[in-house]
Amino acid sequence: MRSEIENIVDEIKQAISLLRRHLDWDQAVRRLDWLNNKAEDPSLWNDAAEAQKLMRERQQLDDGINGLRRFEQQLRDNIELIELGEEEGDAAIVADAEQALRELRNEAAKKQVEAMLSGEADQNDTYLEVHSGAGGTESQDWANMLLRMYTRWSERQGYKVELMEIQDGEEAGIKSATLLVKGHNAYGWLKTESGVHRLVRISPYDSNARRHTSFSSIWVYPVVDDSIQIDINESDCRIDTYRSSGAGGQHVNTTDSAVRITHMPSGIVVQCQQERSQHKNRAKAWDMLRARLYESELKKREDAANAEAASKTDIGWGHQIRSYVLQPYQLVKDLRTGVESTAPGDVLDGELNEFMEAALAHRVSGGADAAVDDLN
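According to the working numbering, the residues represented by the sequence shown are 847 to 1222, in order.
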């Protein structure tokens, strides 16, 4: 086989290996056998809700296991066809088998993305918070740029975006903001964006045109649906009301309709000023708090290395997950995976999928963060 096809075969094998690890193959096969036996037990349907849950799990495992077996069989069949065609000098057979391998590689790549978005809450809508950090007006302007970047990314994905709350900066930009991103797999895509983001540029606020480094953090947590029970003791919470901030005019309320809830045991703070009604903002703030507590529980189940959350660390040097350099050269670099882009303008306009896919693959593979040097 020619080197191109050998590379394609290697890519398919790597994809199969990754999917096997993600599925936990041996455990999945044993679990499917148990579920198949359970399905034949008439007493299973005495509890309809539990039976439906087990049957959904059975279908998912069956799809995953049989899908992998099909990949492996198709890979073997096409390799054999290429070898046979080369032995017999049949170029048509070789060409057909090579094209089949290319299609199989593309299908395996899609399956990898699906596998990466199969976490417990990955299909949910999500909240995304932006917080400015070290750097004063510079970091507040940077936070506003990040808010726009994630809004643009969400729109490119066909997601619906709602601004839940925003706190303006003193001179420019924002101190913080919260987006609600609605769409299939919104949390799954955005969850690896939690962390500190670093910007290097010539400051538009510096009359001497010096380079400045700014930091802002992103925090992502899934919307909790009614099927997930999160118990909150209201006595553990402090509720404050304040006037909504905004661009002015009709967007600024003259009453204390905005709501802030502080959960004392965890230190989690949520805010909502989307609605003019304090009652509606209060209800949405409680939903946001439930979501934050649920996300906190999800994090406890993951590897400790992946459980480091943006708002739990200093928003400054040494904690960044990605650097965006606009001067003296142009480069965006992810410090966990090493993925780079020489078009920061496109990245800041919402072209983030390459970074997200690499971070998701990195998380699924269970690897430690890469030893990536930051940008100067």
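Cβ coordinates follow ideal geometry from the N, Cα and C atoms, glycine included.
Check: Test item: CB-CB of Ser1062 and Ser1000 under 8 Å; Outcome: no
Check: Validate contact between the region 1016 to 1032 and the region 968 to 975 using beta carbons, cut 8 Å, 3 pairs; Outcome: yes
Check: Residue closest to Ile911, alpha-carbon to alpha-carbon, out of Ala1055, Asp879, His1208; Outcome: Asp879
Check: Terminal residues of the beta strand (DSSP E) in which Gln1013 lies; Outcome: 1006 to 1014
Check: DSSP state of Arg1047 mapped onto helix, strand, coil; Outcome: strand
Check: Proximity to Val1171 [Cα-Cα], best of Glu1197, His1058, Ala1205; Outcome: His1058
Check: Three-state class that DSSP yields for Gln1166 in the structure shown; Outcome: strand
Check: Cβ pair count under 8 Å reaching 3, the region 922 to 936 against the region 986 to 998; Outcome: no
Check: Selected residue, minimal CA-CA separation from Trp1035, among Ser863, Ser849, Arg1209; Outcome: Arg1209
Check: Opposing strand residues paired with Thr842 [DSSP bridges]; Outcome: The question about residue 842 has no answer, for the chain in this structure spans 847 to 1222.
Check: Among Ala874, Gly1113, Asn1054, Met1202, nearest to Cys1083 - alpha-carbon criterion; Outcome: Gly1113
Check: Contacts around Gly981, its chain only, beta-carbon distance under 8 Å, and the 5 residues preceding and following it disregarded; Outcome: Trp988, His1058, Thr1059, Ser1060, Phe1061
Check: Cβ pair count under 8 Å reaching 3, the region 854 to 863 against the region 892 to 910; Outcome: no
Check: Whole-number beta carbon distance between Arg1044 and Ser1169, since they are thought to touch under 8 Å; Outcome: 4 Å
Check: Closer than 7 Å: Leu974 CB and nearest the ligand FAD heavy atom; Outcome: Absent from the structure shown: the ligand FAD. Ligands present: none.
Check: Segment limits, beta strand (DSSP E) that includes Asp1086; Outcome: 1083 to 1088
Check: Pairwise C-alpha distance: Ser1142 and Ile1076; Outcome: 11 Å
Check: DSSP-derived helix/strand/coil call for Pro1174; Outcome: coil
Check: Endpoints, alpha helix (DSSP H) assigned at Trp1035; Outcome: 1032 to 1036
Check: At least 3 beta-carbon pairs within less than 8 Å: the region 1006 to 1019 vs the region 950 to 969; Outcome: no
Check: Bridge partners - Ala1104, DSSP secondary structure assignment; Outcome: Tyr1088
Check: Val1193 versus Ala1207: straight-line alpha-carbon distance, rounded; Outcome: 19 Å
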